[in-house]
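First to last, the protein sequences are chains A and B. All residue numbers for the first sequence refer to the numbering used here, where the first residue is 1 and numbers rise by one. All residue numbers for the second sequence refer to the numbering used here, where the first residue is 1001 and numbers rise by one. Every residue, glycine too, gets a C-beta built ideally from N, C-alpha and C. It should be emphasised that the depicted structure is a prediction, and the values quoted were computed from it without experimental measurement.
Number of protein chains: 2
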Amino acid sequence: MMIKKMKPSLIALGAVLGLCAALPASAQFQKAEDAIKYRQSSFTLMGTHFSRIAAMAQGKVAFDAKAAAENADILNTIAKLPYSAFGEGTDKGAPNRAKPEIWKESAKFKEAADKMVAEVGKLDAAARGGNLDQIKAAVGGVGQSCKACHDNYRAKETN
Amino acid sequence: MMIKKMKPSLIALGAVLGLCAALPASAQFQKAEDAIKYRQSSFTLMGTHFSRIAAMAQGKVAFDAKAAAENADILNTIAKLPYSAFGEGTDKGAPNRAKPEIWKESAKFKEAADKMVAEVGKLDAAARGGNLDQIKAAVGGVGQSCKACHDNYRAKETN
Chain A
1 MMIKKMKPSL IALGAVLGLC AALPASAQFQ KAEDAIKYRQ SSFTLMGTHF
51 SRIAAMAQGK VAFDAKAAAE NADILNTIAK LPYSAFGEGT DKGAPNRAKP
101 EIWKESAKFK EAADKMVAEV GKLDAAARGG NLDQIKAAVG GVGQSCKACH
151 DNYRAKETN
Chain B
1001 MMIKKMKPSL IALGAVLGLC AALPASAQFQ KAEDAIKYRQ SSFTLMGTHF
1051 SRIAAMAQGK VAFDAKAAAE NADILNTIAK LPYSAFGEGT DKGAPNRAKP
1101 EIWKESAKFK EAADKMVAEV GKLDAAARGG NLDQIKAAVG GVGQSCKACH
1151 DNYRAKETN
């Protein structure tokens, strides 16, 4: 069912029950294309900030503890955002690379998303601590969680 | 001058002087199109989270203090991001609506960006406080700062 079609009835339900805040997160997007654009934007920002820390972990850029902590803090905020934009009916509506498995095995997808958020949390903690070895280990964990989701849930081509 | 062309010399300079972290923020993007995609993504997320608070301020959605505070907190993090992606040479490289005035009157543009960040900071403070009247006032301030920048620095059509 499309978000576009769901929304009026859900809003009416929310208004009646006074449960707006308890509605599925997907209902926060008016159209499927809004949800797609939102999650893609989240991943763009995550990729930018993670890659700046990864470059330090890999020795490609001089380690700057303050910059690492700032980037990890931003990453930690944004990492929590995209999951809410994978609601039912957001598989189509704009070009995107989300595989049908996201909705077919939604519990496993949620687990993978939670894993990524947890790994980013560890990276944020490591970056606050300022120890490069701990940051390197945490970057590895985040990278693996990115890759796991991309392997399982991101198609090679846009649909 | 394009970022793409600037980068190697800037990186070499940074490596020699050990001043990577002090390089202009624009140098953090490998290509102009990366900077454009990054700032557009920031605005997409900002618009989403601001509109959720604005909907409460306008009475279109029931006021939920916790949701308002969460959205304002996210907005407050992301509002600080896009300015860094308006470096010299990022006017072209991907379809975008940035007006040449951004780089012609860069001090005024910086002032407008700072104003927006300050207004978002006030909204974040108001949302933490949970007082709807204060949130309404702060939403107005943020809205005006969005509009001022859009009026002056955003073209109607993509270039």
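Contact set for proline 1095/B: own chain, Cβ-Cβ below 6 Å, skip 5 residues either direction: Its chain contains Thr1158 as the residues whose beta carbon lies nearer than 6 Å to that of proline 1095/B, once the 5 sequence neighbours on both sides are disregarded; these appear in chain order.
Alpha-carbon to alpha-carbon, threonine 1044/B and alanine 126/A: Using only the alpha carbons, I get a separation of about 29 Å.
Exposed unless 16 or more other CB atoms sit within 10 angstroms - verdict on aspartate 124/A: buried
Cβ of lysine 37/A within 8 Å of any chain B Cβ: yes
Distance, alanine 107/A Cα to glutamate 1088/B Cα: 45 Å
Own chain, CB closer than 8 Å to glycine 130/A, minus 5 neighbours either side, in chain order: Ala65, Ala68 and Ala69
Residue environment, glutamate 111/A, which counts as buried when at least 16 other CB atoms sit within 10 Å: exposed
Pairwise C-alpha distance: arginine 1052/B and tyrosine 38/A: 13 Å
Status (buried if at least 16 other CB within 10 Å, exposed otherwise) for alanine 1022/B: Model confidence at alanine 1022/B stands at a pLDDT of 40, short of 50, so the residue's coordinates are unreliable and nothing is read from them.
Reduced DSSP secondary structure (H/G/I, E/B, other) of arginine 97/A: Arginine 97/A sits in coil when the DSSP states are folded into three classes, being neither helix nor strand.
CB contact flag (valine 117/A, alanine 79/A, <8 Å): Yes, Cβ-Cβ distance for valine 117/A and alanine 79/A is below 8 Å.
Simplified DSSP assignment, three categories, for methionine 2/A: With a pLDDT of only 43 at methionine 2/A, under 50, the local geometry of the prediction cannot be trusted, and no value is derived from it.
Pick from Asp133/A, Gly59/A and Lys99/A that is closest to aspartate 151/A, judged by C-alpha positions: The residue with the shortest Cα to Cα distance from aspartate 151/A is Lys99/A.
Residues of the region 1081-1105 of chain B whose Cβ lies closer than 8 Å to any Cβ of chain A, in chain order: Only those residues of the region 1081-1105 of chain B whose C-beta falls short of 8 Å from the nearest C-beta of chain A are listed: Leu1081.
Residue span of the alpha helix (DSSP H) that contains asparagine 152/A, given as start and end: Looking at the DSSP string, the run of the alpha helix (DSSP H) that includes asparagine 152/A is 132-153.
Whole-number beta carbon distance between valine 142/A and phenylalanine 50/A, since they are thought to touch under 8 Å: Rounded, the Cβ-Cβ distance is 6 Å, consistent with contact.
Which of helix, strand or coil DSSP assigns to alanine 25/A: For alanine 25/A, the pLDDT reaches just 42, beneath the cut-off of 50, and the residue's location in the model is therefore unreliable, although a value from the coordinates is still provided. Looking at alanine 25/A - three-state DSSP - the assignment turns out to be helix.
Residues near proline 1211/B by beta carbon distance below 7 Å, same chain, minus five either side: With chain B represented from 1001 up to 1159, any question about residue 1211/B goes unanswered, as that position is not in the structure.
Buried versus exposed, by CB contacts within 10 Å (16 or more), glutamine 1030/B: Glutamine 1030/B sits exposed, since fewer than 16 C-beta atoms from the chains shown fall within 10 Å of its C-beta.
Any alpha helix (DSSP H) of 4 or more consecutive residues that is wholly inside the region 1056-1136 of chain B: For the region 1056-1136 of chain B, the full-length alpha helix (DSSP H) segments reaching 4 residues or more read 1065-1078, 1101-1104 and 1106-1129 along the chain.
Contact with chain A by leucine 1045/B, beta-carbon distance below 8 Å: For leucine 1045/B, the answer is yes, since a Cβ of chain A falls inside 8 Å of its Cβ.
Inter-residue Cα distance where the pair is glycine 1140/B and phenylalanine 63/A: 41 Å
Short-range partners of chain A found in the region 1041-1071 of chain B, where Cβ spacing is below 8 Å: Ser1041, Ser1042, Thr1044, Leu1045, Thr1048, Arg1052, Val1061, Ala1062, Asp1064, Lys1066 and Ala1067
Alanine 55/A versus Lys147/A, Ile135/A and Arg154/A, residue with shortest Cα-Cα distance: Comparing Cα positions, the closest option is Ile135/A.
Interface partners of glutamine 1144/B on chain A, CB under 8 Å: Going along chain A, no residue has its Cβ under 8 Å from glutamine 1144/B, so there is no contact; the nearest lies around 24 Å.
Within-8 Å CB hit, threonine 1077/B to chain A: yes
Local conformation of glutamine 30/A per DSSP, three classes: Glutamine 30/A carries a coil assignment under DSSP once its states are collapsed to helix, strand and coil.
Three-way DSSP call (helix, strand, coil) for threonine 158/A in this model: coil
Option nearest aspartate 133/A by Cα separation, candidates Gly47/A, Gln58/A, Thr48/A and Met46/A: Ranking the options by Cα distance to aspartate 133/A, first place goes to Gln58/A.
Amino acids of chain A, ordered along the chain, whose beta-carbon sits closer than 9 Å to that of isoleucine 1074/B: Thr77, Ile78, Lys80 and Leu81
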